[in-house]
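Line order of the protein sequences matches chains A and B. Take the first sequence: its position 178, counting from 1, is numbered 178 in my numbering, and each next residue is one higher. Take the second sequence: its position 120, counting from 1, is numbered 120 in my numbering, and each next residue is one higher.
There are 2 protein chains.
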Amino acid sequence: MGDTGDAESAPGPTPRPVSTLALDGQPERASARKHRAILAAAEEVFLRSGYLGTNMDELAARSQVSKQTVYKHFGSKEALFVELVTSMTDAASSTVHNEIPDAAAAADVPDYLRDYAERQLAVVMTPRLLQLRRLVIGEVSRFPELARALYERGPRRAMDSLAAAFARLDDRGLLRVPDPEAAASHFNWLVMGEPVNRAMLLGDAAIPDESWRRKHVHDAVNVFLAAYGGC
Amino acid sequence: MGDTGDAESAPGPTPRPVSTLALDGQPERASARKHRAILAAAEEVFLRSGYLGTNMDELAARSQVSKQTVYKHFGSKEALFVELVTSMTDAASSTVHNEIPDAAAAADVPDYLRDYAERQLAVVMTPRLLQLRRLVIGEVSRFPELARALYERGPRRAMDSLAAAFARLDDRGLLRVPDPEAAASHFNWLVMGEPVNRAMLLGDAAIPDESWRRKHVHDAVNVFLAAYGGC
């Protein structure tokens, strides 16, 4: 993307494998520590300044490594941006999905749906993830594959997982869902449409508080159950 | 925004009032013609290159006027961008709202709702408006007021108009809508959530075709009526 040529042609210093203690008490190579420090700095600088506005010298200084070390770890400004977006998206998706109770064991469907919706809102409606989404949307023409990755690993993964859950609840006679994919899309956008799209355009001040979220989730689940709950 | 200093301090040539014929056959000053030509060029260049990437020399050349004339008409790159966003948003909103049948006269509510949804999708799901939305979302931190204007004149205006229509249909006993604002939000995002958010991230290739739209609108209206149609 034009910014990386100088550093890619310059030979970077070979990182010395210095042992240190990671959070889990295991020895960690300095290289892994630097990798994390660069990603943390990238999160701060890219989210604040955008792709074009990000200065790799500033990013290196914040990471407390040389610019050569940044390029040694990530190859290019573009590759670092891609790594940042996919790692943030995957972390958020995993938080939603790993913590979700199994639909096969759900005792109370309205409770199950409200719980799912509240978790998803709590994870997605954070300033960092909203800013990531704004940034990726603004860069769709420059990075179409990256925006696709965010879609696949974010909303698409959420809706696939919902469709599977709705199919199980249909099997158990707890919902009536002839088209699980359409139902997943309806549920997802009843819950996420208003808050995500307000926040996209109105900024972090539009992130809803807990009482708004609770009423919103309650109403959205009621609309969904009116259509899909009648057994 | 830094780009305008040179031109703002440079005295531009005074435009000569040359009469010409506008489309409606009325005499038009050259000034109005230039104004339109600059806005048309701005639409092309800003949508393709983004705010930071837009070069005012290129924009002036495309408008077939001098850069001084561009600044004489719009003051600054920022002001031109604001004018472009508000004029495109207002034109789209007016197309949706002026053509919509009056809810007080609607004979068949499902038909009325499907008609509204199809019109709204046809207007919003165009490459130009989607790119405008991506661009404005990507620039929220630089232009928060502009993104707010797009929200207020776009989705907010649509939902206010829907809420008023639902209240009238409730008065007539054709819908049961205790909270018209919540119902408007549900309807709007059932219809617009999936296609708009797919297109934001997946680009213009994700703009749905007519058969997808028809099934989508049919399903969304059915979900809405299951919740709000029971009289």
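The C-beta atom is built at its ideal place from N, Cα and C for all residues, glycine as well.
8 Å contact criterion, which I137 of chain A and I137 of chain B should meet: CB distance rounded:
Taking a contact as a CB-CB distance under 8 Å, the pair I137 of chain A and I137 of chain B counts as one, their CB atoms being some 5 Å apart.
On the three-state DSSP scale, how would you describe R134 of chain B?
Here R134 of chain B sits in helix by DSSP.
What ranges does the beta strand (DSSP E) occupy inside the region 66 to 122 of chain A, keeping only unbroken runs of at least 3 residues that lie completely in it?
Listed in chain order, nothing qualifies, since the region 66 to 122 of chain A has no complete beta strand (DSSP E) run of 3 or more residues.
Using C-beta distances below 8 Å, list every residue in its chain close to E43 of chain B, excluding the 5 sequence neighbours before and after it, in chain order.
So the qualifying residues of the chain are L84, M88, R128.
Shortest alpha-carbon distance to R134 of chain B belongs to which of B:A226, B:A32, B:Y51?
The shortest C-alpha separation from R134 of chain B is found at B:Y51.
R97 of chain A versus chain B: which residues are under 8 Å apart at the beta carbon?
Note on identity: in this sequence residue 97 of chain A is His, with Arg being the wrong assignment. Residues of chain B passing the Cβ test: none, with the nearest at roughly 19 Å.
Pick helix, strand or coil for R214 of chain B, following the three-state DSSP scheme.
In this structure, R214 of chain B counts as helix in the three-state DSSP scheme.
Reduced DSSP category for M125 of chain A - H, G, I as helix; E, B as strand; rest coil:
If DSSP states are grouped into helix, strand and coil, M125 of chain A belongs with coil.
Any idea what DSSP makes of N188 of chain A, helix, strand or coil?
Correct three-state label for N188 of chain A: helix.
When the cut-off is 8 Å and only beta carbons count, does S63 of chain A lie next to chain B?
Not closer than 8 Å to any Cβ of chain B, the Cβ of S63 of chain A fails to qualify, so no.
Does the Cβ-Cβ distance between L220 of chain B and A106 of chain B come in under 8 Å?
According to the sequence provided, residue 220 of chain B is Ala. The question's Leu does not apply to it. No, the Cβ-Cβ distance between A220 of chain B and A106 of chain B is not below 8 Å.
Which chain B residues are close to V109 of chain A, counting only those with a beta carbon under 8 Å from its beta carbon?
Under the 8 Å cutoff, chain B gives no residues; its nearest Cβ is about 16 Å from V109 of chain A.
For F166 of chain B, which of B:T54, B:N55, B:A37, B:A227 has the nearest alpha-carbon?
Looking at the Cα atoms, B:A227 is the closest of the given residues.
Quick one: list the residues of chain B neighbouring P155 of chain A, beta-carbon separation under 7 Å, in chain order.
Those within 7 Å of P155 of chain A in chain B are N197.
Just curious, the alpha helix (DSSP H) that R157 of chain B is in, first and last residue?
For R157 of chain B, the enclosing alpha helix (DSSP H) starts and ends at 157 to 171.
Compute the Euclidean distance between the alpha carbons of V223 of chain B and E145 of chain A, then round it to the nearest angstrom.
If I take the Cα positions, the gap works out to 33 Å.
Have a look at A:E152, A:R156, A:H97 and flag the residue whose alpha-carbon is nearest the alpha-carbon of A122 of chain A.
With distances taken between Cα atoms, A122 of chain A lies closest to A:H97.
Is V140 of chain A close to chain D? Criterion is C-beta to C-beta, closer than 8 Å.
Looking at the structure shown, chain D is missing, and the protein chains on hand are A and B.
The alpha helix (DSSP H) with D179 of chain B in it runs from where to where?
Element bounds for D179 of chain B: n/a, residue is neither H nor E.
Would you check if the distance between the CB atom of L162 of chain A and the CB atom of N188 of chain A is smaller than 8 Å?
Taking 8 Å as the Cβ cut-off, L162 of chain A and N188 of chain A qualify as a contacting pair.
By alpha-carbon positions, which one of B:L175, B:H218, B:A147 ends up nearest to A104 of chain B?
Looking at the Cα atoms, B:L175 is the closest of the given residues.
Going straight from the alpha carbon of R157 of chain B to that of D102 of chain B, what length do you get?
Cα-Cα distance, rounded: 16 Å.
Between the Cα of P178 of chain A and the Cα atoms of A:L132, A:G229, A:E139, which residue gives the shortest distance?
Nearest C-alpha to P178 of chain A: A:G229.
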